[in-house]
Ligand code: FAD
């Protein structure tokens with residue numbers, strides 16, 4: 003990792019501002035110092051390094067696009083993308099921690115919350131004093147979150163929340179959860195549930211072979227009394243959580259390029275150094291083919307993401323555009339991880355190199371925040387006007 007130089011075959015750096023490049027290099031230094039030396043060990047031990055939360059807060063990795071008056075970075079979407087790219091070059095699990103906090107917890111509180119909620123939660127989330135999580139998926143409702151059964155009843159002076167969420171990133175350590183639940187009329191609302199509320203628990207999910215350095219768990223609500231002021235008032239319906247997912251998926255589209263770049267960089271170096279048949283394996287045509295295709299795919303994804311970032315900045319990006327970029331980047335990164343694993347031969351399966359960890363991580367990334375196939379069907383619906391997933 004010493005002299006990492008990101009692939010920039012089409013001189014995309016010319017389209018970045020000095021501030022963008024400064025942000026990228028400061029996050030790159032952070033990852034090199036605080037993540038890369040330890041990540042293999044954390045992942046092997048399935049250890050979530052809780053202290054990273056405060057450090058992410060210090061470098062501005064939480065809520066980069068949230069206005070500074072609430073503790074956010076006040077930055078544009080290209081900056082946000084670059085931050086996610088650099089963190090995921092370190093590890094997708096680390097990037098998941100940052101994505102969830104920024105796009106799935108701070109974003110809904112900022113967009114759908116009132117001023118008191120913004121002031122209460124956002125600065126502490128931005129600084130990493132508090133960790134948050136986002137509860138949408140349920141045991142029986144993954145790709146179809148609208149079918150959720152978690153619900154709350156109006157009890158006059160509070161709400162009574164019941165149900166369960168599953169596969170929730172950050173949940174075992176989270177101080178607060180943004181939870182999506184149905185009211186008595188079946189309308190979906192967001193509620194902020196705080197650790198310590200009686201009846202609320204967050205059991206950890208064990209045995210993952212993917213995102214091992216990220217902590218995942220359930221959210222269980224057993225007659226939890228939620229104060230009325232914890233309901234996010236400014237948007238309801240399934241569209242509210244889906245808006246959060248758009249923002250997070252945009253970050254994933256950039257993040258997955260980071261994982262792909264790391265695999266490509268490692269494969270290129272290994273191919274130059276590994277001697278077989280008296281020559282570096284990089285001199286064989288089949289290895290060059292793999293490297294050339296990796297660079298081509300990374301470059302195409304970079305161009306797609308950059309343009310999407312501009313559309314995000316202009317407030318013009320659409321959900322299907324974000325679906326296309328998320329789907330493209332993650333699949334591209336998975337294929338590059340698999341090819342890079344081949345180039346590393348047997349060494350590719352060990353923790354000496356980051357490849358296998360990235361590959362296993364990406365198996366979650368290709369599934370969460372809308373699976374690869376669901377994003378394809380969103381595009382199919384856009385093309386034909388016929389929703390094939392219902
Ligand atoms: P299912 O919906 O059961 O899908 C199984 C398969 O069926 C998939 O291949 C899918 O593409 C396919 N399928 C489903 N419906 C259709 C259809 N109509 N047409 C064609 N194919 C279909 N959720 C949160 O709310 N918060 C989090 O923080 C969070 N973090 C996560 C972290 C990890 C590590 C993982 C693995 C998941 C996380 N998730 C989180 C949940 C994630 O978003 C879901 O796993 C995802 O939406 C898919 O749901 P599912 O696993 O229930 O799969």
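Numbering (the UniProt record's numbering), first residue to last: 3 to 392.
For every residue, glycine included, the Cβ atom is placed at its ideal position computed from N, Cα and C.
Check your understanding: Where residue 323 and residue 279 are concerned, what is the direct C-alpha to C-alpha distance, given to the nearest angstrom?
Key -> 47 Å
Exercise for review: Locate the alpha helix (DSSP H) running through residue 21, then write down its first and last residues.
Suggested key: 20 to 32
Exercise for review: Would you mind reading off the limits of the alpha helix (DSSP H) that contains residue 211?
Suggested key: From DSSP, residue 211 is part of no alpha helix (DSSP H); its letter is neither H nor E.
Exercise for review: Verify the contact flag: residue 144, CB atom, against every heavy atom of the ligand FAD, threshold strictly below 6 Å.
Suggested key: yes
Point to revise | Proximity test, residue 99 beta-carbon vs the ligand FAD heavy atom, cut-off 6 Å | key: no
Review point. Alpha carbon to alpha carbon, how far is residue 136 from residue 106?
Key: 6 Å
Practice item. Give the straight-line distance between the Cα atoms of residue 3 and residue 87, rounded to the nearest whole angstrom. Key: Here residue 3 scores only 43 on pLDDT, less than 50, and its place in the model should not be relied on; the value that follows carries that caveat. For residue 3 and residue 87, the distance between alpha carbons rounds to 15 Å.
Point to revise | Segment contact, 8 Å Cβ cut-off, at least three pairs: the region 100 to 119 with the region 61 to 72 | key: yes
Review point. Just the Cα atoms here: how many angstroms apart are residue 227 and residue 198?
Key: 11 Å
Check your understanding: On the three-pair Cβ rule with 8 Å, is the region 243 to 254 touching the region 202 to 215?
Key -> no
Exercise for review: Tell me whether the beta-carbon of residue 170 lies closer than 7 Å to the beta-carbon of residue 221.
Suggested key: yes
Review point. Between which two residues does the beta strand (DSSP E) carrying residue 127 extend?
Key: Premise fails: residue 127 lies in the alpha helix (DSSP H), 117 to 129, not in any beta strand (DSSP E).
Exercise for review: Compare the Cα-Cα distances from residue 74 to each of 81, 295 and 62 and report the closest residue.
Suggested key: 62
Exercise for review: Could you tell me if the beta carbon of residue 213 falls within a distance shorter than 6 Å of some heavy atom in the ligand FAD?
Suggested key: yes
**Study point:** C-beta contact flag for residue 262 and residue 274 at 7 Å
**Key:** no
Check your understanding: In or out: residue 187 buried (at least 16 other Cβ within 10 Å) or exposed?
Key -> exposed
Exercise for review: Taking only the alpha-carbon atoms, compute the straight-line gap between residue 82 and residue 26 and give it to the nearest angstrom.
Suggested key: 10 Å
Practice item. State the DSSP-derived secondary structure class of residue 330, mapped to helix, strand or coil. Key: helix
Check your understanding: In the region 234 to 315, which residue ranges form an unbroken alpha helix (DSSP H) of at least 4 residues, counting only runs that do not cross its ends?
Key -> 241 to 275 and 287 to 315
Check your understanding: For residue 22, which residues of its own chain have a beta-carbon under 7 Å away from its beta-carbon, when the five flanking residues on both sides are left out?
Key -> 80, 81 and 84
Exercise for review: Can you give me the Cβ contacts of residue 36 inside the same chain, cut-off strictly under 8 Å, excluding the 5 residues immediately before and after it?
Suggested key: 54 and 57
Practice item. May I have the straight-line CA-CA distance separating residue 162 from residue 224, to the nearest angstrom? Key: 9 Å
Review point. Relative to the alpha-carbon of residue 370, which residue among 258, 297 and 358 has its alpha-carbon at the smallest distance?
Key: 258
Review point. What are the uninterrupted segments assigned as beta strand (DSSP E) that are 3 or more residues long and contained completely in the region 28 to 62, given in chain order?
Key: none
Exercise for review: Compare the Cα-Cα distances from residue 334 to each of 298, 309, 349 and 358 and report the closest residue.
Suggested key: 298
Check your understanding: Under a three-way DSSP split, which group does residue 342 fall into?
Key -> helix
Review point. Can you round the beta-carbon distance between residue 330 and residue 306 to whole angstroms, since I take them to be within the 8 Å contact cut?
Key: 6 Å
Check your understanding: Relative to the alpha-carbon of residue 130, which residue among 177, 185 and 119 has its alpha-carbon at the smallest distance?
Key -> 177
Practice item. Might you give, ordered along the chain, the residues of its own chain that have their beta carbon closer than 6 Å to the beta carbon of residue 181, omitting 5 neighbours on each side? Key: 137, 193 and 195
Exercise for review: May I ask you to report which of helix, strand or coil DSSP gives residue 218?
Suggested key: strand
**Study point:** Three-state secondary structure (DSSP) of residue 360
**Key:** helix
Review point. CB-CB under 7 Å to residue 373, same chain, minus the five flanking residues each way: which ones, in chain order?
Key: 145
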